[in-house]
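This report concerns only the one structure given below.
There are 2 protein chains.
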Amino acid sequence: MSGKKREIRPKPRLPKGMRDIDAAEIRAVEQMLGTIRQVYESYGFEPLDTPAFEYTDTLGKFLPDQDRPNEGVFSFQDEDEQWLSLRYDLTAPLARFVAQNYDGLPKPFRRYQTGPVWRNEKPGPGRFRQFTQFDADTVGTDNVAADAELCMLAADTYKALGVPRGSYTIRVNNRKILDGIIESAGIDLRDANNHAKRLTIMRAIDKLDRLGLGGVEQLLGEGRKDESGDYTKGAGLEAAQIAKLIDFITAARGDGGSGAMTRSDVLNAIETHLGESATGRDGLDELRIMDELLSAAGIGADQIAFEPAIVRGLEYYTGPVFEAELTYSDGGDAPSLGSVGSGGRYDGLVARFKGVEVPATGFSVGVSRLYASLQKLGKLNADRASAPAIILVMDKERTADYYKMASTLRVAGIRAEMYLGTSGMKAQMKYADKRGAPCVIIQGGDEKARGEVTIKDMILGEKLSQEIADNQEWREGQPAQFSVKEGELVEAVASVIARHGGSKPGADK
Amino acid sequence: MSGKKREIRPKPRLPKGMRDIDAAEIRAVEQMLGTIRQVYESYGFEPLDTPAFEYTDTLGKFLPDQDRPNEGVFSFQDEDEQWLSLRYDLTAPLARFVAQNYDGLPKPFRRYQTGPVWRNEKPGPGRFRQFTQFDADTVGTDNVAADAELCMLAADTYKALGVPRGSYTIRVNNRKILDGIIESAGIDLRDANNHAKRLTIMRAIDKLDRLGLGGVEQLLGEGRKDESGDYTKGAGLEAAQIAKLIDFITAARGDGGSGAMTRSDVLNAIETHLGESATGRDGLDELRIMDELLSAAGIGADQIAFEPAIVRGLEYYTGPVFEAELTYSDGGDAPSLGSVGSGGRYDGLVARFKGVEVPATGFSVGVSRLYASLQKLGKLNADRASAPAIILVMDKERTADYYKMASTLRVAGIRAEMYLGTSGMKAQMKYADKRGAPCVIIQGGDEKARGEVTIKDMILGEKLSQEIADNQEWREGQPAQFSVKEGELVEAVASVIARHGGSKPGADK
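The listed protein sequences derive, respectively, from chains A and B. Counting from -5, one number per residue, gives the positions in the first sequence under this note's numbering. Counting from -5, one number per residue, gives the positions in the second sequence under this note's numbering.
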């Protein structure tokens, strides 16, 4: 750090799409993660951790015919010039782990994992390049009971987080049904030339929530120009084909949206549209089994609904797909808070390594989005931790006494700190205020002589200072400030904290 | 994912120096982190999170006169060709955060942070390229009470983790004392030409624990050849200078190591060696104040000791430095478990951005090393979570019933899963065994007809099968297996789990 570099002072700044996270959000998210962990554990999933970056090839992030990784991931080379990438989800590392340790694992293998993932994508409002996921996956079985279980786990997770029944819905579909309806519209999916068309159709249907039926219709046909003038080319289907697909989507949705139909109603509506497609019938059978299991466990369509327009973005899904949505619970047409989790069956991921298919299904909670939604639902306000009590330094020579007071309070389970700066009273009070301290503890010469300490209730003090207009009366009364004997310090501070509904550290765990 | 790439199957493997972490370690570490968090919170520190990577220049990781980052960090370029690096500690991001948000922060600013850090260094046994730190820092005060507090926080942390008094020591020194003793040996530190010599001397003293006095003596002189034949050039001091430094180190250590002397004894021994160095006397005064504060709080030299040979590797320390060591508690000369945390005062880090010094001090727990040490001390065995009870699928047609049983157990707070594979009885029992299930729940046609379920206690069963040699007696007795009415399922499973000391999920939180 010498020479010319020393002259240049770097500007303190965050990389694009990155953010710092403050104490309130960290505490709330910690609590959320604890709740989610408890639900996942109760279902028998075991935790696993994998590293933040992996070889790019094991993540499947080389583009065809290129030697550089996909631009959607953050990549760099190691000392042997092998490409490494930061993980962009928790599923690709799981596939690597399973392939690497296959023989020693119990089968099915059930794990949960939480941690940050990174995307080298354009950031935007609420879209960051680092965010946290919380995944549960069951690997090594094609039993559709595993899919049903994940939907139920999702519902239980939102319930455990305090979301009332009616405010969360897990919407379920099956990719095989979508393929079936595309086949019954006369598009042969065994023909590789129709591969791109199939994806365009899926993507069009996926936009139903955002664009409505009209928008989907345009995207199934020639294409669509949005408000900004951008043009998206469509699937180029014929009018009869478009009509068949739109008919399918609407028929199985009912008039009042998914919530108004039972799961059996939806399945029956789908069946009348499927025609002879074997793939489609397969998918329908799978959903029938899921319905049976969920109904046996007492779970209605208000919690887990079937919804034929659910597609999910990831190409690798092969069977049931699910999406969790939160809504405000006030009123019938509750506005959506958006998707806060999703998942589905992916039978091909481990095959990339092993050559043979290892069926798997998973569900992933988007922790950051869920946090934002729970905040809007008012589910995160209850448990704010108390700020520490602050011991003011009235006389620098007596620092050791103040230090000991802080220690005494902590031993009693009360968050406490001695003011560690070197400024005077005014700055110390300002500091206590900025920290949100419930009270400050004061012991100057007079108090010491009397063997007392003074406690100033900062929260009550602020309230009273707003109420009492007469400054003199305020100074004389000082009702938020009281003195106790030195031996009563702990009790007095605890009473002030309790007065404002605070608790001892860790008491809410 | 088409074309030639498709043909090549990647080998599932981990990058060099990386590892997967299993359920037992994750659970133990989660619990450790919770305990550390509680101690840090009790001292009034607030949590902060910063992203995994930062601009390389804000981390201070450009080498002098080079435009590529230091090889010790993992680096890559963003779309604007700016260099980014994965954080290698939690202190550099803190300095960036403070410089960026300085005006709005309470001063002093006190935060804790935990998370992974990455080092692009040669991996070895127990040395990984990703590991977890847990830091507490106080920024914006030169008050030595802040340093004393961090030493006390360190001691409280190990105590809270169950390490008995006598098995942890925080060893404290002051860089100013080291500078003072170097000055009093006749080396002028105001002369920039002596900068490198100063670092070599510090590095030599730092090796006392590993090389002994003889090794340090060689490194202060011409140099030292180790067992492998590698030669390290020494500081090239004269014999009289070397003698003075060695004399200082030994005198202030006493005969029986640091534990045998009180903190005042050590300070007095240091004082007689310091001579007229103003810097040295400054450092001594700081340690005197720390001693006073710690003694007032009842903390003896068995917990926090002064030790003049403590240096700490990082160049940026400017005042007190501390190192936490765990030892086996059995016997007088308890063998060391090594360093499990360290810290010190660094008054220059934020100045890189702001041009003016912002005094700061911090302590960092090495979580992975601490985990390994606590394991050796036997402090992590108590709280192993129970594995889930497993409901066997005896009759595929009745999957919904089994599914409901799992749900019923979970609602009662018992970890439970229905077997989700599609294999027969033998494979299901093997699965339950591999998962470590405390019991399996069986309901075949006979049981169903009687309205009963059978519970097989897997742990007792294994024990008995080892004891009972006579196979026939075993089959007839089946003492680990019993049947109850369907309505008594929850109670019966709970009793089996309790029999083996297990608990409900989350009950240990």
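Where a beta carbon is used, it is the ideal one built from N, C-alpha and C, also for glycine.
Interface flag, residue i vs chain A, CB-CB below 8 Å
i: residue 393 of chain B; result: yes
i: residue 69 of chain B; result: yes
i: residue 448 of chain B; result: no
i: residue 35 of chain B; result: yes
i: residue 491 of chain B; result: no
i: residue 143 of chain B; result: yes
i: residue 290 of chain B; result: yes
Contact list for residue i against chain A, beta-carbon separation under 9 Å
i: residue 437 of chain B; result: Those within 9 Å of residue 437 of chain B in chain A number zero; the least Cβ separation is about 14 Å.
Range of the contiguous beta strand (DSSP E) that encloses residue i
i: residue 28 of chain B; result: Unbroken run through residue 28 of chain B is the alpha helix (DSSP H), 17 to 36; no beta strand (DSSP E).
i: residue 71 of chain A; result: 69 to 71
i: residue 330 of chain B; result: 330 to 339
i: residue 106 of chain B; result: 103 to 112
i: residue 434 of chain A; result: 433 to 436
With 16 other Cβ atoms within 10 Å as the buried cut-off, status of residue i
i: residue 182 of chain A; result: exposed
i: residue 285 of chain B; result: buried
i: residue 325 of chain A; result: Its pLDDT being 48, under 50, residue 325 of chain A is placed unreliably by the model, and the measurement read from it follows with that caveat. Exposed, because fewer than 16 other Cβ atoms sit within 10 Å of the Cβ of residue 325 of chain A.
i: residue 222 of chain A; result: exposed
i: residue 55 of chain B; result: buried
i: residue 329 of chain B; result: exposed
i: residue 419 of chain A; result: exposed
i: residue 150 of chain A; result: buried
i: residue 119 of chain A; result: exposed
i: residue 158 of chain A; result: exposed
i: residue 249 of chain B; result: For residue 249 of chain B, the pLDDT reaches just 47, beneath the cut-off of 50, and the residue's location in the model is therefore unreliable, although a value from the coordinates is still provided. With fewer than 16 Cβ atoms within 10 Å of its Cβ, residue 249 of chain B is classed as exposed.
i: residue 101 of chain B; result: buried
i: residue 459 of chain B; result: exposed
i: residue 544 of chain A; result: Beyond the ends of chain A as shown, which are -5 and 503, falls residue 544 of chain A; an answer cannot be given.
i: residue 493 of chain B; result: exposed
Limits of the unbroken alpha helix (DSSP H) element including residue i
i: residue 402 of chain B; result: 393 to 405
i: residue 355 of chain A; result: Looking at the DSSP string, residue 355 of chain A is not in any alpha helix (DSSP H); the run it does join, the beta strand (DSSP E), is 354 to 360.
i: residue 242 of chain B; result: 233 to 245
i: residue 256 of chain A; result: Looking at the DSSP string, residue 256 of chain A is not in any alpha helix (DSSP H), and its letter there is neither H nor E.
Any C-beta of chain B under 8 Å from that of residue i
i: residue 72 of chain A; result: yes
i: residue 64 of chain A; result: no
i: residue 132 of chain A; result: yes
i: residue 495 of chain A; result: no
i: residue 15 of chain A; result: yes
i: residue 8 of chain A; result: yes
i: residue 101 of chain A; result: yes
i: residue 286 of chain A; result: yes
i: residue 21 of chain A; result: yes
i: residue 178 of chain A; result: no
Beta-carbon proximity of residue i to residue j, cut-off 8 Å
i: residue 267 of chain A; j: residue 175 of chain A; result: yes
i: residue 394 of chain B; j: residue 144 of chain A; result: no
i: residue 126 of chain B; j: residue 110 of chain B; result: yes
i: residue 167 of chain B; j: residue 301 of chain B; result: yes
i: residue 447 of chain A; j: residue 480 of chain A; result: yes
i: residue 436 of chain B; j: residue 476 of chain B; result: no
i: residue 86 of chain B; j: residue 53 of chain B; result: yes
i: residue 26 of chain B; j: residue 124 of chain B; result: no
i: residue 319 of chain B; j: residue 165 of chain B; result: yes
i: residue 66 of chain B; j: residue 113 of chain B; result: yes
i: residue 368 of chain A; j: residue 147 of chain A; result: no
i: residue 38 of chain A; j: residue 190 of chain B; result: no
i: residue 92 of chain B; j: residue 352 of chain B; result: yes
Contact set between residue i and chain B, taken where Cβ atoms lie within less than 7 Å
i: residue 12 of chain A; result: 45
i: residue 135 of chain A; result: 414, 415 and 416
i: residue 519 of chain A; result: Examination of residue 519 of chain A is not possible in this model, given that chain A is present from -5 through 503 alone.
i: residue 51 of chain A; result: 4
i: residue 382 of chain A; result: 38
i: residue 191 of chain A; result: The premise fails here: residue 191 of chain A is roughly 16 Å from chain B at the closest Cβ pair, so nothing lies under 7 Å.
Beta-carbon neighbours of residue i, restricted to chain A and to distances below 8 Å
i: residue 94 of chain B; result: 6, 7 and 8
Contact set between residue i and chain B, taken where Cβ atoms lie within less than 9 Å
i: residue 505 of chain A; result: With chain A covering only -5 through 503, there is no way to say anything about residue 505 of chain A.
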